[in-house]
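Before any comments, here is the structure.
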Amino acid sequence: MKAWLPIALLALTLSGCQMMEPGPPPERIEVIDIGVEHPPEAEPTAPARIARQVVFPEREYASLEKSGSAAVSGRLALNGMPGAGETVAVAPVTTYSAEAAEHALAGRAVEPADPRAQQYTHTTRTDGNGQFTLQGLPAGEFYVMGSVVNPANGQRQAIIRQVSLRNGQRLDVNLSR
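First residue of the sequence shown: 2, per this note's numbering; consecutive thereafter.
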C-alpha cells in the first residue's frame with residue numbers, strides 16, 4: 002500500500018499539466034499600463050553664469066609681468082578627499098579677478114574671463130593625490146584657485162587662497178576645506 006502512495010501523488014501532480022503545441026499562442030494578450038507616465042529625466046543643467054560688472058582693466062594688467070622665477074605647489078582637497086585631476090589656477094590679484102573670486106567663493110560662476118586676462122593666468126592639473134605645482138610665476142599678489150565636487154551634495158566648491166610671491170620664491174599652498 003505504501004508503494005502506491007508516491008505513484009498516486011505523482012499522478013495527481015501530473016493530472017493538472019497540459020501539453021502545449023509548438024507555435025504562436027492562440028490568442029493575443031494585451032497588457033495595458035495604467036500607471037502615470039513619467040517624463041524622461043533631464044540632464045542636470047549647469048548653473049547660469051553671472052555677467053561681469055568690472056570691465057577688463059587694460060592699464061592694470063599692462064603693469065603686470067606674465068612670467069618669472071617663483072613657484073607654487075600644494076594640495077587641493079575637500080573634506081579630506083583629494084581633488085584628483087582638477088584644474089588649479091594662479092591669477093594676479095586685480096579688480097577684475099577679485100570680482101570673479103568673490104562670486105566663486107559665494108558659489109556663483111561668472112562668465113569666462115577676457116582672453117587678455119587669461120594670458121596672465123597660469124594653470125595646471127592635480128595628480129591622483131590632489132598635488133599640484135606651478136612654476137615660472139612672476140612676483141606679485143595672486144589668487145591660487147581650485148574647485149572640487151562635494152560628494153555630499155554634488156555641487157562644485159571653489160577654494161581660493163591669496164598669496165604674495167617674490168622672485169625665486171617657492172611657496173606651499175594648502176587648498177583645502
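All residues carry an ideal CB built from backbone N, CA and C; glycine is no exception.
Return the chain-ordered list of same chain residues with a C-beta closer than 7 Å to the C-beta of Gln54, the five sequence neighbours on each side being excluded.
Position 53 of the sequence shown holds residue 54. The beta carbon of Gln54 is closer than 7 Å to those of Glu100 in its chain, skipping five residues each way along the sequence.
Between Leu138, Asn151 and Ala71, which has its C-alpha nearest His194's C-alpha?
A question about residue 194 goes unanswered here, because the residues of the chain that appear run from 2 up to 178.
Is there contact here, the region 151 to 166 with the region 68 to 80, by at least three beta-carbon pairs under 8 Å?
yes
If you check the beta carbons only, do Ser61 and Thr96 fall under 8 Å apart?
The sequence position of residue 61 within the sequence shown is 60, counting from 1. The sequence position of residue 96 within the sequence shown is 95, counting from 1. According to the sequence shown, residue 61 is Glu rather than Ser. Result yes, Cβ atoms of Glu61 and Thr96 sit closer than 8 Å.
Cutting at 8 Å between CB atoms, please list the residues of its own chain near Arg157, excluding the five before and the five after it.
In the sequence shown, residue 157 corresponds to position 156, counting from 1. Excluding positions up to five away in sequence, the list reads Ser148, Val149, Val150 and Asn151.
Any heavy atom of the ligand FAD within a distance shorter than 7 Å of the CB on Ala159?
The model on display carries no ligand, and the ligand FAD is accordingly not part of it.
Compute the distance between the beta-carbons of Val91 and Phe57, then report whether it is under 8 Å.
Along the sequence shown, one-based indexing puts residue 91 at 90. Along the sequence shown, one-based indexing puts residue 57 at 56. Their beta carbons are not under 8 Å apart, which means Val91 does not touch Phe57 by this criterion.
What does DSSP give as the partner residues of Asp115 in its beta bridges?
Position 114 of the sequence shown, counted from the start, is the residue given in the question as residue 115. Looking at the DSSP assignment, Asp115 forms no beta bridge with any residue, so it has no partner.
Have a look at Thr134 and Leu79 and give me their C-alpha separation to the nearest angstrom.
Taking the sequence shown and counting its residues from 1, the one referred to as residue 134 is at position 133. Taking the sequence shown and counting its residues from 1, the one referred to as residue 79 is at position 78. Those two C-alpha atoms are separated by around 18 Å.
Determine, using beta carbons only, whether Gly131 and Pro83 come nearer to each other than 8 Å.
Sequence index remark: in the sequence shown, residue 131 carries index 130 (1-based). Sequence index remark: in the sequence shown, residue 83 carries index 82 (1-based). Closer than 8 Å, so yes.
Which residues does DSSP list as the beta-bridge partners of Gly147?
Locating residue 147 in the sequence shown gives position 146, where the first residue counts as 1. BP columns for Gly147 point to Val89 and Ile160.
Check Arg1 in the structure and name its three-state DSSP category.
Because the chain spans 2 through 178 in this model, residue 1 falls outside it and cannot be assessed.
Do you know whose CA, among Leu172, Ser98, Gly69 and Thr127, lies nearest Ala114's CA?
Sequence index remark: in the sequence shown, residue 114 carries index 113 (1-based). Of the listed residues, the one whose Cα sits closest to Ala114 is Ser98.
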